[in-house]
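Asker: Following this message is one structure expressed as structure tokens.
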Amino acid sequence: MSLEMFTQHLFNALALGALYGLIAIGYTMVYGILRLINFAHGDIFMVGAYLVFFTTVAFMPAWAAALLVALALLVFYAVFFGTRRPPLWFWPPLFFFCLTAFYYGFFAPRDFTPPWTVAVAFSIMVTSAIGIAVDRVAYRPLRDAPRISALISAIGVSFLLENLGVVIFTGLPRPVLQPEALVTPLVFSMSALTGNPESLVRVAPIALIVPLVSAFLVAGLLYIIHRTKPGLAMRSISTDIETTRLMGVSVNKVIALTFGLGSALAACAGIMWALRYPQVHPYMGMLPGFKAFIAAVFGGIGSIRGAMVGGLLLGFIEIMLVAFFPSLSGYRDAFAFVLLIVILLWRPSGLMGRAMEEKI
Amino acid sequence: MTGARRDCLLNVLLIGLLFFLLHVAEQQLDAYSIRILSLVAVNAILAVSLNLIYGFTGMFSLGHAGFMAIGAYVCALLILSPAQKESMWILEEIQPWLAHLSAPQLFAGLFSDPDMARQLGFLCAVSLGGLAAALCGIVIALPVLRLGGDYLGIATLGFAEIIRVLIVNAASLTNGSLGIKGIPQYATLWWNYGWLLFTLYVIVTLLRSSTGAAFKAVRDDEIAARVMGVNTFYHRVLSFTIGAFFAGVGGALTAALISTIDPKMFNFMLTFNVLMIVVAGGLGSITGSVIGSVVITVMLELLRPVDSFAPGTRMVLFSLLLLGIILFRRKGLMGTREFSWHILFRPRRQQ
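Those protein sequence lines, which keep their order, are chains H and R.
If you're matching positions, the first sequence starts at 351 in this note's numbering and goes up one per residue.
If you're matching positions, the second sequence starts at 1448 in this note's numbering and goes up one per residue.
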């Protein structure tokens, strides 16, 4: 394989791996604190992708968008503040959103689509609210139940989201309009390395944007987890949930925050996934979800850095396997599962995870 | 009359009644109702086999679709006629040894009666489908059953997915993604219920034996079971393999019932349906699994008109139902209770 081809594959692998990593973080955070495989995470990723394109491309009615925003705010309020009075910073965003919703609901022209920044913010917000709501409704009542019950509940939520997707958006795959600026390939010359003036590498800007945005998001997340008080509470819960509760931490709120952050990252991944592979359909979250989970196990479940590393490695291996052995391309989807089984048998705590011993 | 003899007699009477009802159903009902009755039986086989693995031995397995796929493909390949195989394999040439392999034809040489040969061939094909799935079950179990809990679920799910990808890619054996069409519909009401009775007999006998007690011990507390001298790994592999066998049988019957199979059919959805039945019926209750399969199968059919409102509504209700059961009534319809004649003949308590 020529160096140009390899470089090109490397960029593809980087973008795919970064997306896997972003989704994997959601799995790893939830597993780290609840020991629960959040089966619905892949479908939350799907919801994130749909919402942004439903607002920009397929013209979601403005009243529906406003309703979703109101519901999302209600979820945030109910879960984080309960009956207590919300703090002062809660009101300005509420006011802002009400104003925007009012504008889009009544004054904006019918065929007007919101700017993409608004659409992305909308998608992230509503998706993280859905993640929190799923935790509240389907997982929290089962905290004291056997772990497998919560897993079955998660499978139920996953199917519910997929089928709601089929009902609301229909099962047909929808194309996504990619902005020209994101797909017109940038051409780099590699003549300095190969000595051949003809050797050019074409990379779509989106393949560069995805890893950059992901790195930025992960840096932010690591900051939250290691430098802020809620982050401290999260780490504390993942060590010992009962003691954390005794220390006066409202464990349920911290768990809700974890779900919110994980779902927001999944929404970002969903948006970028749909820009990179321009199609959305209700089952799009299933396979990336499984693979991201495998990436999380690969990197060591419970570890954020591990999830990112696992995602990048999985993306790299997948792309390179097909690139070097084209005859194996039919087995591409099975490869991740083989990897999972090998990892589970050979090193169940993953690359960067801590070994958990079985207690009697 | 002693309890055991009474129970035996009542069982025989019940089976007689079942056969009488099947006979009536075959005479009176239309094809659609008969198919639903058959589906009830097939689903019950699948649910009981998953219940053996998960409800009685405590191994959360999501690999049922994979075993069903193996059973379905083995059975379909064995009962297709060579002429059908000749015309159907378009993507790749069929393997020469497979092209002329047809169980009914093998038996046709031994028996003069063609129907007899066909039925024996079908019996043979379904059994081989089950055996192939069981073999695959052992191969999977040896590495994977060292894991526990949710990891086991994901690993078995991965195996089901791997099997599906293998089926798509092994086009010279399986006709790849095109699937197999026109499988002879040998799975009559009688075969389906016969296999169901066989499954129930084997699994109930197994669970009443000391092996069954060992299964439950492994489920309830693996370490305690090991301390008591139970070979936990052996029992887990045994339970998994038997479960895989009956899952394969269920898959084989499905193939001969609906006559068309393709790799897409054996996705996670199928496992989900079986899991749903087991959870609804009650984990650790064979009676519950049978009742669950009747209720869920019939309900899925009754809900079919809902789909005309918007496609997918039926599955939304279905997932909501699963969530409702797991959140509000975790033990399902029956919990771990079983039906037995003893309940009916229990002496009334004196006031």
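Glycine residues also receive a C-beta, built at the ideal position from the N, C-alpha and C atoms.
Small disclaimer: the values here were computed from a predicted structure and weren't measured.
(1) Checking the sheet assignment: what are the DSSP bridge partners for H:Val-537?
(2) Can you give, in chain order, each stretch of the alpha helix (DSSP H) that sits fully within the region 1576–1636 of chain R and has at least 4 residues?
(3) Unbroken alpha helix (DSSP H) runs of length 4 or more, entirely within the region 480–546 of chain H: which are they?
(4) Can you tell me whether R:Lys-1778 sits near the ligand NAP, meaning its C-beta is under 7 angstroms from at least one heavy atom of the ligand?
(5) Around the Cβ of H:Thr-467, are there at least 16 other Cβ atoms within 10 angstroms (buried) or fewer (exposed)?
(6) Between H:Leu-421 and R:Phe-1693, what straight-line distance do the alpha-carbon atoms span, to the nearest angstrom?
(7) Check for me: the alpha helix (DSSP H) holding R:Phe-1692 runs from which residue to which?
(8) With a threshold of 16 other CB atoms inside 10 Å of the CB of H:Met-355, please say whether the residue is buried or exposed.
(9) Does DSSP classify R:Ile-1708 as helix, strand or coil?
(10) Thinking C-beta only, is R:Ile-1601 closer than 8 angstroms to H:Ile-502?
(11) Mind pulling the alpha helix (DSSP H) runs of 4 or more residues that sit fully within the region 1522–1572 of chain R?
(12) Nearest by alpha-carbon distance to R:Ser-1736: which of R:Ala-1580, R:Thr-1646 and R:Ala-1550 is it?
(13) On the DSSP letters alone, give me the boundaries of the alpha helix (DSSP H) that R:Leu-1764 sits inside.
(14) Would you kindly work out how many angstroms separate the C-alpha atoms of R:Gly-1605 and H:Phe-685, rounded to a whole number?
(15) Would R:Ile-1537 pass as an interface residue toward chain H - the criterion being a Cβ-Cβ separation below 8 angstroms?
(16) Please confirm if H:Pro-550 has its CB atom under 8 angstroms from at least one CB of chain R.
(17) Cβ atoms of R:Ile-1587 and R:Pro-1710: under 8 angstroms apart, would you say?
(18) Consult DSSP for H:Val-659 and reduce its assignment to one of helix, strand or coil.
(19) I want to verify the contact list: residues of chain H whose CB lies under 8 angstroms from the CB of R:Glu-1608, in sequence order.
(20) What in chain H is Cβ-close to R:Thr-1760, meaning under 7 angstroms?
(21) Considering only their Cβ atoms, is the gap separating H:Phe-648 from H:Leu-701 smaller than 8 angstroms?
(22) In three-state terms, what does DSSP make of H:Val-599?
(23) Do H:Ile-651 and H:Thr-450 have their C-beta atoms within less than 8 angstroms of each other?
(24) For H:Thr-534, count the other beta carbons within 10 Å of its own beta carbon; 16 or more makes it buried, fewer makes it exposed. Which is it?
(25) From R:Leu-1599 to H:Gly-545, what distance separates their C-alpha atoms?
(26) Hey, is the region 599–608 of chain H in contact with the region 481–489 of chain H, meaning 3+ C-beta pairs nearer than 8 angstroms?
(27) Between the C-alpha atoms of H:Phe-395 and H:Tyr-453, what's the straight-line distance to the nearest angstrom?
(28) Is H:Arg-626 buried or exposed, if buried means 16 or more other CB atoms sit within 10 Å of its CB?
(29) Can you find the residues in the same chain that come closer than 6 angstroms, C-beta to C-beta, to H:Ala-368, ignoring five residues on each side of it along the sequence?
(30) Given a limit of 8 angstroms on CB to CB distance, which residues of the region 1577–1604 of chain R reach chain H?
(31) Taking contact to mean at least 3 C-beta pairs separated by less than 8 angstroms, is the region 1458–1474 of chain R in contact with the region 1653–1662 of chain R?
(32) Can you give, in chain order, each stretch of the alpha helix (DSSP H) that sits fully within the region 617–658 of chain H and has at least 4 residues?
(33) Using the Cα positions of R:Val-1753 and R:Ala-1555, report the straight-line distance between them to the nearest angstrom.
(34) Does R:Gly-1782 come within less than 8 angstroms of chain H when only Cβ atoms are used?
(35) Mapping DSSP to helix, strand and coil, what is R:Phe-1792?
(36) With 16 other CB atoms within 10 Å as the buried threshold, where does H:Ser-352 fall?
Answerer: In this structure, then:
(1) Residue mapping note: residue 537 of chain H aligns to position 187 of the first sequence, counting from 1. Per DSSP, H:Arg-552.
(2) 1596–1616 and 1618–1621
(3) 497–519, 530–533 and 541–544
(4) Although the ligand NAP was asked about, the structure shown includes no ligands whatsoever.
(5) For this step, residue 467 of chain H is matched to residue 117 along the first sequence. Exposed.
(6) What you label residue 421 of chain H is simply residue 71 of the first sequence in a count that begins at 1. What you label residue 1693 of chain R is simply residue 246 of the second sequence in a count that begins at 1. Approximately 47 angstroms, taken between the alpha carbons.
(7) If you number the second sequence from 1, residue 1692 of chain R lands on position 245. First-last of the alpha helix (DSSP H) with R:Phe-1692: 1679–1705.
(8) On the first sequence, position 5 is the one that residue 355 of chain H refers to. H:Met-355 is exposed by the Cβ-count criterion.
(9) In the second sequence, the residue the question calls residue 1708 of chain R occupies position 261. If DSSP states are grouped into helix, strand and coil, R:Ile-1708 belongs with the strands.
(10) Working through the first sequence from its first residue, we reach residue 502 of chain H at position 152. Working through the second sequence from its first residue, we reach residue 1601 of chain R at position 154. Cβ atoms of H:Ile-502 and R:Ile-1601: not closer than 8 angstroms.
(11) 1529–1535, 1543–1546 and 1550–1555
(12) To locate residue 1736 of chain R, count along the second sequence from 1; it is residue 289. Here the closest residue by C-alpha is R:Thr-1646.
(13) Position 317 of the second sequence holds residue 1764 of chain R. Where R:Leu-1764 is concerned, the enclosing alpha helix (DSSP H) stretches over 1760–1775.
(14) Sequence index remark: in the second sequence, residue 1605 of chain R carries index 158 (1-based). Sequence index remark: in the first sequence, residue 685 of chain H carries index 335 (1-based). In this structure, the alpha-carbon of R:Gly-1605 lies about 10 angstroms from that of H:Phe-685.
(15) As a first step, residue 1537 of chain R must be located in the second sequence, where it is residue number 90. Not one chain H Cβ lies under 8 angstroms of R:Ile-1537.
(16) Reading the first sequence from its first residue, position 200 is the one you call residue 550 of chain H. According to the sequence displayed, residue 550 of chain H carries Leu and not Pro. No, H:Leu-550 does not count as interfacial toward chain R.
(17) The residue you call residue 1710 of chain R lines up with position 263 of the second sequence. The residue you call residue 1587 of chain R lines up with position 140 of the second sequence. Between R:Pro-1710 and R:Ile-1587, the C-beta spacing is not below 8 angstroms.
(18) For the purposes of this step, residue 659 of chain H is identified with residue 309 of the first sequence, where counting begins at 1. DSSP places H:Val-659 in helix when its eight states are reduced to three.
(19) One-based indexing of the second sequence puts residue 1608 of chain R at position 161. Here the neighbours are Phe-640, Asp-683, Ala-684 and Phe-687.
(20) On the second sequence, residue 1760 of chain R is found 313 positions in, with the first residue counted as 1. Residues of chain H passing the Cβ test: Val-517.
(21) In the first sequence, counting from the first residue as 1, residue 701 of chain H sits at position 351. In the first sequence, counting from the first residue as 1, residue 648 of chain H sits at position 298. Taking 8 angstroms as the Cβ cut-off, H:Leu-701 and H:Phe-648 qualify as a contacting pair.
(22) Locating residue 599 of chain H in the first sequence gives position 249, counting from the first residue. Coil, per DSSP.
(23) Working through the first sequence from its first residue, we reach residue 651 of chain H at position 301. Working through the first sequence from its first residue, we reach residue 450 of chain H at position 100. Contact flag unset, no.
(24) Taking the first residue of the first sequence as 1, we reach residue 534 of chain H at position 184. So H:Thr-534 ends up on the exposed side.
(25) As a first step, residue 1599 of chain R is located in the second sequence; it is residue number 152 there, counting from the start. As a first step, residue 545 of chain H is located in the first sequence; it is residue number 195 there, counting from the start. R:Leu-1599 and H:Gly-545: Cα-Cα distance of roughly 52 angstroms.
(26) Contact between the region 599–608 of chain H and the region 481–489 of chain H is present, because at least three Cβ pairs lie under 8 angstroms.
(27) Working through the first sequence from its first residue, we reach residue 395 of chain H at position 45. Working through the first sequence from its first residue, we reach residue 453 of chain H at position 103. When rounded, the distance between both Cα atoms is 28 angstroms.
(28) As a working mapping, residue 626 of chain H is identified with position 276 in the first sequence. Burial call: buried.
(29) The residue labelled residue 368 of chain H in the question sits at position 18 within the first sequence. Taken in chain order, the residues that qualify are Val-560, Pro-561 and Ser-564.
(30) Pro-1590, Val-1591, Arg-1593, Leu-1594, Gly-1596, Asp-1597, Tyr-1598, Gly-1600, Ile-1601, Ala-1602 and Leu-1604
(31) no
(32) Taking 4 residues as the minimum length, the alpha helix (DSSP H) runs contained wholly in the region 617–658 of chain H are 636–649, in order along the chain.
(33) Taking the second sequence and counting its residues from 1, the one referred to as residue 1753 of chain R is at position 306. Taking the second sequence and counting its residues from 1, the one referred to as residue 1555 of chain R is at position 108. Distance between the alpha carbons of R:Val-1753 and R:Ala-1555 is about 47 angstroms.
(34) Taking the second sequence and counting its residues from 1, the one referred to as residue 1782 of chain R is at position 335. So no, R:Gly-1782 is outside the interface.
(35) On the second sequence, residue 1792 of chain R is found 345 positions in, with the first residue counted as 1. Of the three classes helix, strand and coil, the one that applies to R:Phe-1792 here is coil, per DSSP.
(36) Locating residue 352 of chain H in the first sequence gives position 2, counting from the first residue. Its Cβ having fewer than 16 others within 10 Å, H:Ser-352 is exposed.
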